[in-house]
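Take 64 as the starting number for the sequence shown in our numbering and just add one per residue.
All C-beta atoms in this analysis are idealised placements derived from N, C-alpha and C, irrespective of residue type, glycine included.
As the structure is a computational prediction, the values presented were derived from the model and not from experiment.
First up is the structure itself, then whatever we jot down about it.
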Amino acid sequence: MSHSRSQRSVFAVPGSSEKMIGKALDFQVDQLFLDLEDGVAPDAKAAARELINSAGQKKFTAPLVSIRVNALESAWIDADIDLLAAGVGRWIGSVILPKVRHVDDIKVFSDALTKVEKSVNREVGSITIDAQIESAQGLVNCEAIASANRVTSLNFGPADFMADLGATAEEVTSNEYALMKILVAARAAGIAAIDGPTLEVRDISKFEKSSRISAAMGFDGKWVLHPDQIDSCHAIFTPTQERFDEASCLLEAYEHFTSSSGGAKGAAIYKGAMIDEASRKMALSVYNRGAAAGLRASRHFIA
Ligand code: GLV
Ligand code: MG
């Protein structure tokens, strides 16, 4: 059974903070990004680019290191692209593109990335795009955005999204419509769906509540703003050993019942419930997530 890499945690590091970049070197997270956008004040953007340029010589533990550039409509994007072409494009895995509104934004940025890849001698198409959906327009167009070349994940941006709607309190919107639409668009395109940040970094219960909702919906992971949120994030987005074992046993049971020695059945009764091809797919999704996070089956189905 194949399983891809985990994308449970996406850690945001302000590109203007040498101290945070230094701390982030050892963070055990699935993805980490150095921010040039809203986490960096306008007057600090130039210095942040220099810091990020020198960060390349350091070695991050995170298996995927990315840069969040400024929005395409901003005055800063050209300098951000120059930074990538000058060398940063050599060592990053992806770019987080904020405030994507239309599939044409992806096309424009993808062309810029092709130039970056050529200038740093990288295979064209090897830098992927994590698209942030954080406006009404972006949400309306997210299906086309999810299917565009290079896009490997949709990331929800709750703060900008609520600002764009004119929402005044998360409790009122609860963002479930946006989350569901993003999830469906991502799954239809076969890419990852990542929930955005919880801004109240001192309120871990708020982070956990929000993570539990998006994890139960089917999201792959969530943005993390503070080291205290990492463990909760991984615990919530990784199936428990018990759930993983249940999924693994169901997959083995289904394989047995569908085989000729097991009766070649399309549907069978397993532990008092009917299982069929759809049950297999649900179990496989849990299995793949756990396996990507390093879980191994601790028990097996016995016919
Ligand atoms: C993240 O970028 C957000 O706007 O919530
Ligand atoms: Mg945002």
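Query	Result
Extent of the continuous beta strand (DSSP E) run through residue 284	284-287
Neighbourhood of residue 198 by C-beta, 7 Å cutoff - its chain only, sequence neighbours within 5 removed	162, 164, 223, 224, 227
Nearest residue (CA-CA) to residue 221, options 207, 245, 214	245
Any non-hydrogen atom of the ligand MG within 6 Å of residue 78 CB	no
Beta strand (DSSP E) segment containing residue 77, residue limits	72-77
Beta bridge counterpart(s) of residue 191 as assigned by DSSP	157
Start and end residues, alpha helix (DSSP H) containing residue 177	166-182
Cβ-Cβ distance between residue 130 and residue 97 below 7 Å	yes
Residue 275 classed as buried or exposed, judged by whether at least 16 other C-beta atoms fall within 10 angstroms	exposed
Chain-order list of residues whose beta-carbon lies under 6 Å from that of residue 310 (same chain, five-residue window excluded)	346, 349, 350
Residue 274 - partner residues in DSSP beta bridges	Partner(s): none; residue 274 has no beta bridge.
Cβ contact (3+ pairs, closer than 8 Å) linking the segment 203-218 and the segment 248-263	yes
Beta-carbon separation (whole angstroms), residue 313 vs residue 342, contact threshold 8 Å	7 Å
Nearest to residue 75 (by Cα), restricted to the options 122, 136, 176, 159	159
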